[in-house]
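Asks:
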Amino acid sequence: MSTATLPGPIPHDHDVGRINYLHSHRGVMSWVYTLDHKRIGIMYLAAVTASFLVGGVMALLIRAELIDPQLTMLPSNKVYNQLFTLHGAIMVFLFIIPSIPAALGNFFLPIMLGAKDVAFPRLNLASFYIYVVGAIFAVISIVLGSVDTGWTFYTPYSVDTQTSVVMMTMGAFILGFSSIFTGLNFIVTVHKLRAPGLTWFRMPLFVWALYATSIIQVLATPVLGITLLLLAIERVAHVGIFDPLMGGDPVLFQHFFWFYSHPAVYIMIVPGMGIISEIIPTFARKPIFGYRFIAFSSIAIALIGFLVWGHHMFTSGQSEIAVMIFSALTFLVSIPSAIKVFNWTATLYRGSIDLKTPMLYALSFIFLFTIGGLTGLFLGALATDIHLHDTYFIVAHFHYVMVGGTVMAFMGGLHYWWPKMTGRMYPELLGQITCGIVFLGFNMTFFTQFILGSQGMPRRYATYDEQFQPLHAFSSVGALVLGVGFAITTAYLLWSLWKGAKAPRNPWGSLSLEWQIETPPIHQNFLETPVIEGMPYDYGVETGSGH
Ligand code: HEM
Ligand SMILES: [Cu+2]
């Protein structure tokens, strides 16, 4: 989105320093070299949306292939393996990890803190270009024959397979630095750039969620980097790290991989939880219930989340004591998430609920994430996990958390903040209807997969026993409905950039700081540093200043 293409007159508040960030600097190059966190957020938003659409098309191809028990559409099982590997890797590393922190977080975190920008604007821009370089490596890997290992790159197969594992893993390695630097930037910004009066327990809960996520990004991502580097060295130099014939251990790779990838699921979900904590009080017109519990539960998830990675390896030959400890810790980590769900529900209780599109996505999140979370307990229990491991129950579980959770929160946040980012309103009724289509398509696609998995349908197979065909076909129709929902959303949001009604400063009547400034925000966010009084969720609460 460059300034030249956006229609309509230059905003009326044309006096010095009051030009909005979309028009403040002209020409494409002013975007290429921008140090404005808002513009960098928008560039990430475009990039992660493109990744989601590419990963989504691959998902539809997978689902189309699975309508029939035999191989029908794709030329071989190898191509099917490449397809789900790419779908998983693109959706995880190029879409969902940067989707909320680097795109929406980049845009709103400094504004919510009353700051003009993040602490290190140049590092912020560099993080974006590191993301681009990582994405280019992934594309080159696809051109060079792609990868067929699954998104988990498990050894020993990933050491032997004749596909472009090194290029893809180096792409993920590079992307890791974009994630680490973004996290670092956010941690310093929260500590150093809060406006006067904005104490820790007055910060919006979205900021707490981003802060907790940044801690995981900075501490866990280096472990993924080392793991992928070791895999690349093993492929190139055969030093035997993961080779039992040379004294190595292929299961060691799983420990290294999941030591990052389980905390990484919280990098994916905690920012989404932060968005829900912004939307629920705004559209229920009630102060959030248990502000401090929600804030601390984000930190608790970030810390306990480092202690449960072994639950991905209950069938990998760990000792009984080890699996029992990992199982117990897995139950423990579900508690802070349950606290959030309880507090959101308590906030809704007796609220005057306004079912605008952002609220519909937030309510969808609470319902679907709860299903995702509860089925996680099935997998944390040893007895049931051994039966369900590597079946479609797992696929359903993480899509309920990643799509039913994070993507629903992303859609809610996108609609909630769309007017502020673009200066345009999206078509509300169409937004509400499309949310219904997405909700329906999602449950058709993935609820059936719980049933398929509990009946023994393994994941990662292009061909399967005929008994599973009706449910697979229903799931594939659901995926199509889901795809239509996302296509309509993309269409009306793009349409609104040209034809949408002009957005007022605060269409939702929100008390949060980002809604008190111009729409779209001016280049430096604030002409004067604001002084913060009170909480961002004091709906219906009498405060000193009488509102
Ligand atoms: C939007 C609609 C989506 C659909 C219809 C979809 C569908 C699927 C299906 C059917 C599989 C299983 C393939 C198999 O095991 O044979 C799969 C795997 C996977 N999906 Fe999705 N997915 C979607 C979105 C996402 C999103 C947003 C994420 C983000 C995290 C994601 C992450 C994954 C991962 C990590 C795998 C595992 C790949 C592997 O086994 O290596 N998916 N998806
Ligand atoms: Cu896990």
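Okay, so the sequence shown: first residue is 100 according to my numbering, each after it adds one. Virtual Cβ for every residue (Gly too), placed ideally from N, Cα, C. A quick note: this is a predicted structure, and the numbers were derived from the prediction, not measured.
Mapping DSSP to helix, strand and coil, what is Pro362?
Replies: helix
Asks: So Ile485 packs on Thr381, CB below 8 Å; how close in whole Å?
Replies: Between Thr381 and Ile485 the Cβ distance is about 44 Å, and since that is not below 8 Å, they are no contact.
Asks: Starting from the Cα of Leu327, find the closest Cα among Arg221, Val246, Val264, Leu193 and give me that residue.
Replies: That would be Val264, whose Cα lies nearest to the Cα of Leu327.
Asks: Rounded to a whole number of angstroms, what is the C-alpha to C-alpha distance between Phe183 and Lys385?
Replies: Distance between the alpha carbons of Phe183 and Lys385 is about 43 Å.
Asks: Within the same chain, show all residues whose beta-carbon is closer than 7 Å to that of Phe388, passing over the 5 residues directly before and after it, in chain order.
Replies: Asn442, Ala445, Thr446
Asks: If you count every other CB in all the chains shown that lies within 10 Å of the CB of Val640, and 16 or more means buried, which is it?
Replies: exposed
Asks: May I ask you to check if the CB of His488 is nearer than 7 Å to at least one heavy atom of ligand 1?
Replies: no
Asks: Looking only at its chain, what residues have a beta carbon closer than 7 Å to the beta carbon of Ile378, apart from the 5 residues adjacent to it on each side?
Replies: For Ile378, where only same-chain residues beyond five positions count, the Cβ hits under 7 Å are Pro457, Met458, Ala461, Gly511, Tyr515.
Asks: Under the rule that 16 or more other beta-carbon atoms within 10 Å means buried, what is Ser278, buried or exposed?
Replies: Here Ser278 is buried. Its C-beta has 16 or more other C-beta atoms within 10 Å.
Asks: Is the segment 157–177 close to the segment 204–215, with three or more CB pairs under 8 Å?
Replies: no
Asks: Assign Gln169 to one of two classes, buried (16 or more other C-beta atoms within 10 Å of its C-beta) or exposed (fewer than that).
Replies: exposed
Asks: Please list, following the chain, all residues that have a C-beta closer than 7 Å to any non-hydrogen atom of ligand 2.
Replies: Trp357, His361, Val364, Val407, Trp408, His410, His411
Asks: According to DSSP, is Arg391 part of a helix, a strand, or is it coil?
Replies: helix
Asks: In whole angstroms, what is the alpha-carbon distance linking Gly373 and Ile621?
Replies: 25 Å
Asks: Near Thr260, what residues of its chain come up, given a Cβ to Cβ distance below 7 Å and the 5 sequence neighbours on each side ignored?
Replies: Asp247, Thr248
Asks: Let me check you understand the geometry: is the CB of Arg449 closer than 7 Å to at least one non-hydrogen atom of ligand 1?
Replies: no
Asks: Do you know whose CA, among Trp597, Phe573, Ile196, lies nearest Pro362's CA?
Replies: The option with the nearest alpha carbon to Pro362 is Ile196.
Asks: Do you know offhand how far Met266's Cα is from Gly475's?
Replies: 33 Å
Asks: For the alpha helix (DSSP H) containing Thr268, list its first residue and its last residue.
Replies: 264–291
Asks: How far does the alpha helix (DSSP H) with Arg334 in it extend, from its first residue to its last?
Replies: Residue range 304–336 is occupied by the alpha helix (DSSP H) that includes Arg334.
Asks: Under 8 Å, do Gly522 and Lys601 count as touching if we go by C-beta distance?
Replies: yes
Asks: Tyr560: beta carbon under 7 Å from a heavy atom of ligand 1?
Replies: yes
Asks: Once DSSP output is grouped into helix, strand and coil, what is the label at Thr533?
Replies: helix
Asks: Compute the beta-carbon to beta-carbon distance between Leu318 and Phe352, rounded to the nearest angstrom, for a pair I have assumed lies under 8 Å.
Replies: With 8 Å as the limit, Leu318 and Phe352 do not qualify as a contact, their Cβ atoms being about 20 Å apart.
Asks: Tell me the DSSP secondary structure of Gly107 in three-state form.
Replies: In this predicted model, Gly107 has a pLDDT of only 43, less than 50, meaning its place in the structure is not dependable enough to derive any value.
Asks: So the alpha helix (DSSP H) Lys439 belongs to, where does it begin and stop?
Replies: 419–447
Asks: Would you list the residues sitting across from Thr490 in a DSSP beta bridge?
Replies: Pro557
Asks: Near Phe192, what residues of its chain come up, given a Cβ to Cβ distance below 6 Å and the 5 sequence neighbours on each side ignored?
Replies: Once the five neighbours on either side are set aside, the close Cβ partners of Phe192 are Ala271, Leu274.
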